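Counting from 1 along the sequence shown, just add 2 to a position and that's the residue number in this note's numbering.
Note that the Cβ used here is the ideal one computed from N, Cα and C, for glycine as well.
Here the structure is a predicted model, which is why all the values come from computation and not from measurement.
To start, the structure under review is shown below, and the notes come after it.
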Amino acid sequence: MRRPIATVLTARPWEEALVRLAHASALGRVVARAWEPDGVDAASPDVVVVGAETAWLGRGVVAAWQGVGRAVVGVHASDSPGERRALDDLGVDHAVAGDDIERMLLTACRAAVPAAPLAPLVTVSGPRGAPGRSTVAIALARSLPGSTLVDGDPDPNLGPFLGLPPGPTPDELVDLLRTGGRLPRGTEAAGIRVLAPFGPLPPTAIPCLRASGPLVVDQGPSPVANPLRSASLRVFVVEGTAVGLVRAATVLREWMGPPPVIVLNKVPADRVAAIRACRAATGLEPGALVPTSDRPLEAAEAAVSGLAA
């Protein structure tokens, strides 16, 4: 069996040489060449090969990969004992020199064992100005036992929406990830755990948080430029009005990756007409309809129940 391997892209020549050797051999197959942890998670490899020069590599990321059964092979310059010590400090399973490509591939394939399934990762987004995105995100988090709701909006608003105090800064989260410290599991609010950092969420935080259980990430409006490719479910919240559907259609024309699940919010009494309008504007069938209600969270919970299961 050819073991699925992910490499972390680098300017050093070992990565390209490893990919060429893997293609020519019957030992392993490279399923991802990733810039960030999300690209690794999206490919579900059994082993990750990563260089000591990778700026975002830290104990937290290594531990998150190992926590789901992935072996981590670290690559160091052959003339750099400092890089070798750094990899040992990070806790990688194996460390090999970058000029020994055959040993690198053999080590990766021998270390690989089938990795465990990742916990669910649900992303929630929508066009700018569409009301109800955060409410739907809360409802989805409440439908997943043991989940954490994360504010992944570059301009965070989930904390103020729920009346929470400012959370950790991005720099504080990055420091925790590099040193192997435990990430905060969030504040209790609305019956769920909420992590609302005071600034954009660093991409290395997602796999570390996901290692502890299901995640729902409120990505804010229009995340077409930075989708989380490893998401198990992508939800796109659309207001069920003519203006809301036009805004949604504009964003979805630039959507990258698998089509999202549309949650049509504030749906009027004529549900059939709303479904037809959504289909005509976006080309997608809505996965859930949230009716107009004076209790929006309860209405959203009822509508999205089972969507993320």
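Burial state of residue i, where buried means 16 or more other Cβ atoms lie within 10 Å
i, result
"histidine 25", "exposed"
"proline 15", "exposed"
"arginine 5", "buried"
"aspartate 90", "exposed"
"threonine 9", "buried"
"glycine 165", "exposed"
"methionine 258", "exposed"
"glycine 131", "exposed"
"glycine 84", "exposed"
"threonine 284", "buried"
"glutamate 38", "buried"
Residue nearest to residue i in terms of C-alpha spacing, selected from the options
i, options, result
"alanine 191", "Val21, Cys111, Ala141, Val269", "Ala141"
"leucine 235", "Ala244, Asp220, Arg249", "Asp220"
"valine 274", "Pro167, Glu287, Gly131", "Glu287"
"glycine 100", "Cys111, Trp67, Glu18", "Glu18"
"valine 94", "Leu151, Gly84, Glu104, Leu59", "Leu59"
"valine 126", "Gly246, Leu120, Ser136", "Ser136"
"glycine 169", "Gly41, Val196, Arg297", "Val196"
"leucine 299", "Lys268, Val98, Arg130, Glu85", "Lys268"
"leucine 175", "Ala207, Ala110, Val98", "Ala207"
"proline 260", "Gly246, Leu247, Leu230", "Leu230"
Rounded separation between residue i and residue j - CA only
i, j, result
"cysteine 280", "serine 232", "26 Å"
"valine 50", "leucine 211", "18 Å"
"aspartate 295", "alanine 271", "According to the sequence as given, residue 295 is serine; it is not aspartate. The alpha-carbon atoms of serine 295 and alanine 271 are separated by roughly 11 Å."
"isoleucine 7", "arginine 72", "10 Å"
"threonine 243", "isoleucine 194", "30 Å"
"arginine 112", "proline 202", "38 Å"
"phenylalanine 200", "aspartate 155", "10 Å"
"histidine 78", "proline 162", "44 Å"
"glycine 128", "alanine 276", "17 Å"
"alanine 97", "leucine 151", "35 Å"
"glutamine 68", "proline 209", "11 Å"
"aspartate 157", "valine 42", "26 Å"
Coil, strand or helix - residue i by DSSP
i, result
"serine 145", "helix"
"serine 136", "helix"
"glutamate 17", "helix"
"arginine 35", "strand"
"phenylalanine 200", "coil"
"threonine 243", "coil"
"threonine 125", "strand"
"aspartate 173", "helix"
"valine 248", "helix"
Expected contact under 8 Å - CB spacing of residue i and residue j to nearest Å
i, j, result
"leucine 92", "arginine 61", "5 Å"
"proline 133", "glutamate 303", "Not confirmed; about 17 Å, so no contact."
"leucine 217", "alanine 121", "7 Å"
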